[in-house]
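Below is one structure; the comments refer to it alone.
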Amino acid sequence: MSDNFKSIITCDLDGKVETFSEGAQHLFGYSSEEVIGKK
1 MSDNFKSIIT
11 CDLDGKVETF
21 SEGAQHLFGY
31 SSEEVIGKK
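Quick note on numbering: the sequence shown equals residues 1 to 39 in UniProt numbering.
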């Protein structure tokens, strides 16, 4: 598996998404712009 498709998502202590990897974008079908900052 290519590193480009590893799904990595990080959240802050409040549960807001801080990072949303390219793999996560492919897996979940959302862009990082749509997800970062959301709970």
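Note that beta-carbon positions come from the ideal geometry of N, C-alpha and C, so glycine has one too.
Because the structure is a prediction, the values reported are computed rather than measured.
Counting only the Cα atoms, Leu13 lies some 24 Å from Gly29. If only complete runs of 4 or more residues are kept, the UniProt domain "PAS" (1-39) shows the alpha helix (DSSP H) at 22-28, 32-35, in order along the chain. Take Gly23, set aside five residues on each side of it, and the residues of its chain with a beta-carbon closer than 8 Å to its own are Asn4, Phe5, Lys6, Ser7, Ile8, in chain order.
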